[in-house]
DNA sequence: CGCCTTGTTGCATACGGATGCAAATTGGAA
DNA sequence: TTCCAATTTGCATCCGTATGCAACAAGGCG
């Protein structure tokens, strides 16, 4: 242990002053002639301490700019007040908004967000081992992909974990997701109302649960309505370029009245390809719909009909799960489905309400 | 302190098994018949320990799934290996990409990112006090606005702080920024080459350094080239809607050949307004340029000429500053300017190279 | 007026790992 | 063979806060 040098008179040439160590509870206590416990209690709501003592301590603490050291507090309590947020794709504009709202809501109840950016290439286990070492109070996973359920179980072992927009049954992981089947069916119904009969589906990452649910919901409803599935394109990723490529394939193939892209960023890439490269008009020649309702979907050039994910509600539910008895989450993984909302815009020929 | 119950034979009804506490270095040491120091040293690169002992410990640790507790380590060392990232605007698509690259690079050298999402409305001091309590090793500020230099100095007191895309002189804060003046001048030159003579500037948040530099760089160069500044619009924010609004104002006013928007998201809002609402053609009737080179700038509908910020280099420099002797950053705040690159696209009538 | 209850306060120690220092071991040189 | 230096190892203590427990004070009641 490096001993803090006693304040020598033959002082350092100055300059050292601003990086001095922060004051500790013990020091503060000594200055006030009370015990360190008293200081700790003053900062602990509900602790057994007289009101006037607490006030005196807090006042003096403010004067000398004392704040309890969070690290030390983490060590002695079990809680860190840190939530691990596992992310793998911030390129999809849907996620930044979600992450922002999430971290704000968490902050509001005193929780900080520790970001774990998972990359496809490298060693996942190594990347996630930090998640375990940091003793986060809970883990929120916003990665639709990449991590297998078993990897996640390992990484979050012993602490509550909530997946957003991904559902894994029979693990100890809780899930909060949009009702993708409902959304996909709503899109199918809407296509039908708009007169489409031959429709196509463009997948995002094929093996993700979001994709599978949207796909099966759509395809099933299409059949129920007596519509034809003209093309179905498998996907490697949820991206602008993937959407573009898929749209060109569809435009080159058999006639199609409407395309449902697995999410908005795909759909936007698709619209651009259709308009700029394939020479199609949207919605005159072909209808297009997406899923999520990212900001760009509302831009006039796209005006994309989509199924809006209930982001605020997702955030609310996740935060409630964490705020509530987290140990309950450990006993019994919960899966919650939230309803979204069909947003009809011009890309499917709807006349959007003034927004 | 809650004592860890001795493993009673009359066990809990099961169920408790999966949430048992992780093993500690002391326990591991006892099992191996070595001291806790040995375990600690085995995990400390360069520590004084025999190679075979280290190997034996690491091997056994892997077997019983032991990992050093990061919190405890933070308390005894001075380092937390956590970098605070202060963000205030994730809506601007420029930032998610930056944040993602930054956090990845930090992770690569063993640093985690703790997110501090600063909201305009509420009590900043309170929001930032967490930044101090968590003892982060350094702070990276990606907020072009909101926080005053003095607030930041207070919040980061005693630890290295680096502002990205914002320059504050005469504080203890280091800065890494794009050369905004160079970029703005490049845009002015480009406008001139493309034949524009009456040009407009649309500000983002007026009082931010990025805005001031881009504005003065542009306006100065305009004058040097003998061009006229037809309009100059002050701004409240860097957003799609602000860009839209500004474009409409300009379209309604005196004739203008070209508009330089303070960043891409403004420009994109501007293009939409010009095309869809004002009935102007871009670039036929008016040229448009932005700044940043966000992904949407490359989308065919916008095809926006812009000045690309050297994101990778910014990240590299910031990480190097942190990786290097951080204490040096405390003694002498450094300001680094990086060069960007003019990306000529169709919004100014340029024929883009095939990308 | 004495005893018990309720409320405060301090003491001691725990949390889990890092590290200065001394003790122990080994190897090599004289 | 003897002694010193280099390397390893363990002991003890520290990091800064939280909290069980005991001591202590004040107030109420019989």
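Protein chains in written order, with the working numbering: chain Y, 924 to 1278; chain U, 924 to 1278. Just so you know, even glycine gets a beta-carbon here, dropped at the ideal spot from N, CA and C. None of the values given here were measured: they were computed from a predicted structure.
Could you check where the beta strand (DSSP E) with residue i kicks off and where it finishes?
{"i": "residue 1131 of chain U", "result": "Careful: residue 1131 of chain U lies outside any beta strand (DSSP E) and carries neither H nor E."}
{"i": "residue 1108 of chain Y", "result": "That residue, residue 1108 of chain Y, is in no beta strand (DSSP E); its alpha helix (DSSP H) goes 1103-1116."}
{"i": "residue 1341 of chain U", "result": "Absent from the structure is residue 1341 of chain U, since the part of chain U shown begins at 924 and ends at 1278."}
{"i": "residue 1215 of chain Y", "result": "1210-1215"}
{"i": "residue 1264 of chain U", "result": "1264-1266"}
Tell me the residue span of the alpha helix (DSSP H) that contains residue i.
{"i": "residue 1204 of chain Y", "result": "Taken as a continuous stretch (DSSP letters only), residue 1204 of chain Y belongs to no alpha helix (DSSP H), as it is neither H nor E."}
{"i": "residue 1073 of chain Y", "result": "1072-1078"}
{"i": "residue 985 of chain U", "result": "974-987"}
{"i": "residue 1192 of chain U", "result": "1187-1195"}
{"i": "residue 962 of chain U", "result": "959-965"}
Considering only their Cβ atoms, is the gap separating residue j from residue i smaller than 9 Å?
{"i": "residue 1062 of chain U", "j": "residue 1040 of chain U", "result": "no"}
{"i": "residue 1166 of chain Y", "j": "residue 1193 of chain Y", "result": "yes"}
{"i": "residue 1263 of chain U", "j": "residue 1230 of chain U", "result": "yes"}
{"i": "residue 1170 of chain U", "j": "residue 1201 of chain U", "result": "yes"}
{"i": "residue 1279 of chain U", "j": "residue 1213 of chain U", "result": "Chain U is shown from 924 up to 1278; residue 1279 of chain U falls before or after that span and cannot be answered."}
{"i": "residue 1210 of chain U", "j": "residue 1173 of chain U", "result": "no"}
{"i": "residue 1139 of chain U", "j": "residue 1107 of chain U", "result": "yes"}
{"i": "residue 971 of chain U", "j": "residue 991 of chain U", "result": "no"}
{"i": "residue 1104 of chain U", "j": "residue 1088 of chain U", "result": "no"}
{"i": "residue 1268 of chain U", "j": "residue 1226 of chain U", "result": "yes"}
{"i": "residue 1241 of chain Y", "j": "residue 1025 of chain Y", "result": "yes"}
{"i": "residue 1058 of chain Y", "j": "residue 993 of chain U", "result": "yes"}
{"i": "residue 1185 of chain U", "j": "residue 1137 of chain U", "result": "yes"}
{"i": "residue 1090 of chain U", "j": "residue 1151 of chain U", "result": "no"}
{"i": "residue 1224 of chain Y", "j": "residue 1199 of chain U", "result": "yes"}
{"i": "residue 961 of chain Y", "j": "residue 1096 of chain Y", "result": "no"}
{"i": "residue 983 of chain Y", "j": "residue 948 of chain Y", "result": "no"}
{"i": "residue 1069 of chain Y", "j": "residue 1018 of chain Y", "result": "no"}
{"i": "residue 896 of chain U", "j": "residue 1235 of chain Y", "result": "Limits of chain U in this structure are 924 at one end and 1278 at the other, which puts residue 896 of chain U out of reach."}
{"i": "residue 1187 of chain U", "j": "residue 1215 of chain U", "result": "yes"}
{"i": "residue 1111 of chain U", "j": "residue 1125 of chain U", "result": "no"}
{"i": "residue 1179 of chain U", "j": "residue 1154 of chain U", "result": "yes"}
Is there a Cβ from chain U that is less than 9 Å from the Cβ of residue i?
{"i": "residue 1010 of chain Y", "result": "yes"}
{"i": "residue 1229 of chain Y", "result": "no"}
{"i": "residue 1020 of chain Y", "result": "yes"}
{"i": "residue 1026 of chain Y", "result": "yes"}
{"i": "residue 1177 of chain Y", "result": "no"}
{"i": "residue 1244 of chain Y", "result": "no"}
{"i": "residue 1148 of chain Y", "result": "no"}
{"i": "residue 1232 of chain Y", "result": "no"}
{"i": "residue 1155 of chain Y", "result": "no"}
{"i": "residue 1270 of chain Y", "result": "no"}
{"i": "residue 1124 of chain Y", "result": "no"}
List, in chain order, every chain U residue whose beta-carbon is nearer than 7 Å to that of residue i.
{"i": "residue 1256 of chain Y", "result": "Chain U residues near residue 1256 of chain Y: none, gap ~12 Å exceeds 7 Å."}
{"i": "residue 1195 of chain Y", "result": "1222, 1223, 1224"}
Just the chain U side, please: which residues come within less than 8 Å of residue i by C-beta, in chain order?
{"i": "residue 1058 of chain Y", "result": "992, 993, 994"}
{"i": "residue 1117 of chain Y", "result": "Correct list: empty, because the minimum Cβ distance to chain U is about 22 Å."}
Within 9 Å (strictly less), CB to CB, does residue i reach chain Y?
{"i": "residue 1218 of chain U", "result": "yes"}
{"i": "residue 1273 of chain U", "result": "no"}
{"i": "residue 1052 of chain U", "result": "yes"}
{"i": "residue 968 of chain U", "result": "no"}
{"i": "residue 1081 of chain U", "result": "yes"}
{"i": "residue 1209 of chain U", "result": "no"}
{"i": "residue 1191 of chain U", "result": "yes"}
Determine the chain Y residues that contact residue i at a beta-carbon separation under 8 Å, and present them in chain order.
{"i": "residue 1035 of chain U", "result": "1037, 1038, 1039, 1053, 1057"}
{"i": "residue 1013 of chain U", "result": "1019, 1020, 1022, 1023"}
{"i": "residue 1199 of chain U", "result": "1223, 1224"}
{"i": "residue 1042 of chain U", "result": "1027"}
Is any heavy atom of the ligand MG found at a distance shorter than 8 Å from the C-beta of residue i?
{"i": "residue 1078 of chain Y", "result": "The ligand MG is absent from the structure shown, which contains no ligands of any kind."}
Could you list which residues in chain U have their beta carbon closer than 9 Å to that of residue i, in chain order?
{"i": "residue 1003 of chain Y", "result": "994"}
{"i": "residue 1159 of chain Y", "result": "By Cβ distance, chain U contributes nothing, its closest Cβ being about 18 Å from residue 1159 of chain Y, past 9 Å."}
So with CB distances below 7 Å, who are the chain Y contacts of residue i?
{"i": "residue 950 of chain U", "result": "The premise fails here: residue 950 of chain U is roughly 16 Å from chain Y at the closest Cβ pair, so nothing lies under 7 Å."}
{"i": "residue 997 of chain U", "result": "994"}
{"i": "residue 1206 of chain U", "result": "Going along chain Y, no residue has its Cβ under 7 Å from residue 1206 of chain U, so there is no contact; the nearest lies around 16 Å."}
Starting from residue i, find everything on chain Y with Cβ-Cβ shorter than 9 Å and list it in chain order.
{"i": "residue 1138 of chain U", "result": "Going along chain Y, no residue has its Cβ under 9 Å from residue 1138 of chain U, so there is no contact; the nearest lies around 26 Å."}
{"i": "residue 959 of chain U", "result": "Under the 9 Å cutoff, chain Y gives no residues; its nearest Cβ is about 16 Å from residue 959 of chain U."}
Report yes or no: do three or more beta-carbon pairs, one from the segment 1115-1131 of chain U and one from the segment 1142-1160 of chain U, lie closer than 8 Å? Result yes; three or more Cβ-Cβ pairs closer than 8 Å.
Cβ pair count under 8 Å reaching 3, the segment 1030-1039 of chain Y against the segment 998-1018 of chain Y: A contact exists between the segment 1030-1039 of chain Y and the segment 998-1018 of chain Y.
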